[in-house]
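Numbering (my numbering), first residue to last: 18 to 249. Accompanying notes for the structure given below.
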């Protein structure tokens, strides 16, 4: 049975990905920052008689906790890691109004934590057959498509994440581990808002299709949920 680790799996796209991979016959290691806020996941556990869903409490910026989870899973092959956990930060900010502490927090969650996650679970990926590290980015992190300015905190964090994914590809592809930065679309979630264009389920289906068909030449790339390539 193939195995995937999904961070931030208690709601939105993370929950939709968890449900989709379970339905596809995968074993899912679902992480949540607070288990008390994982009611939907707990209901899934009750429904999964096969025991194919396990919930782990994990704050992605608590690196001791990350390493402890990795230690507890030592020797367990993980075919796919999806770093879905992310932070938008304060809304309505622009030039002259950037909160420095918020900027640091968003940068750590969105760019530093994924790199540390890859380091912690590197040996698990090595043991697997598929060997993929995927990180949910955003097309607002594209320098080419930034024609409006603003959004300094979130934009810069996703641009930094894209750079992390590219470096990971250069370092890990020789060992057969593919990496990819994924744009999930404008999704109707707490972050995306009610005016967004697609549901979390539609995004998850597209993301899984991209991951399923990811090639070595696409490793380190920036790809939308609909399969289109996004310019850096």
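For every residue, glycine included, the Cβ atom is placed at its ideal position computed from N, Cα and C.
Check                                                                                                                                  : Outcome
Straight-line Cα distance separating residue 29 from residue 207                                                                       : 7 Å
First and last residue of the uninterrupted alpha helix (DSSP H) at residue 123                                                        : 117 to 124
Backbone CA spacing between residue 113 and residue 168 [nearest angstrom]                                                             : 11 Å
Option in 202, 76, 94 and 52 with minimal Cα separation from residue 43                                                                : 94
Three-state secondary structure assigned by DSSP to residue 77                                                                         : coil
Inter-residue Cα distance where the pair is residue 186 and residue 108                                                                : 32 Å
Backbone CA spacing between residue 212 and residue 34 [nearest angstrom]                                                              : 21 Å
Short Cβ contact (8 Å threshold) for residue 90 with residue 141                                                                       : yes
Other residues of its chain near residue 214: CB distance less than 7 Å, five sequence neighbours each side excluded                   : 202 and 203
Through-space distance from residue 228 to residue 125, alpha-carbon basis                                                             : 25 Å
Whether residue 197 touches residue 97 by CB criterion (8 Å)                                                                           : no
Host beta strand (DSSP E) of residue 175 (start-end)                                                                                   : Unbroken run through residue 175 is the alpha helix (DSSP H), 169 to 189; no beta strand (DSSP E).
Residue 40 vs residue 32 beta-carbon contact at 8 Å                                                                                    : no
Integer-rounded CB distance, given that residue 205 should sit under 8 Å from residue 236                                              : At roughly 30 Å, the Cβ-Cβ gap does not stay under 8 Å, so residue 236 and residue 205 are not in contact.
Contacts around residue 157, its chain only, beta-carbon distance under 8 Å, and the 5 residues preceding and following it disregarded : 163, 168, 171, 172 and 175
Bounding residues of the beta strand (DSSP E) (the contiguous stretch that carries residue 45)                                         : 44 to 49
Buried/exposed call for residue 145, threshold 16 Cβ in 10 Å                                                                           : buried
Residue 131 and residue 181 closer than 8 Å at C-beta                                                                                  : yes
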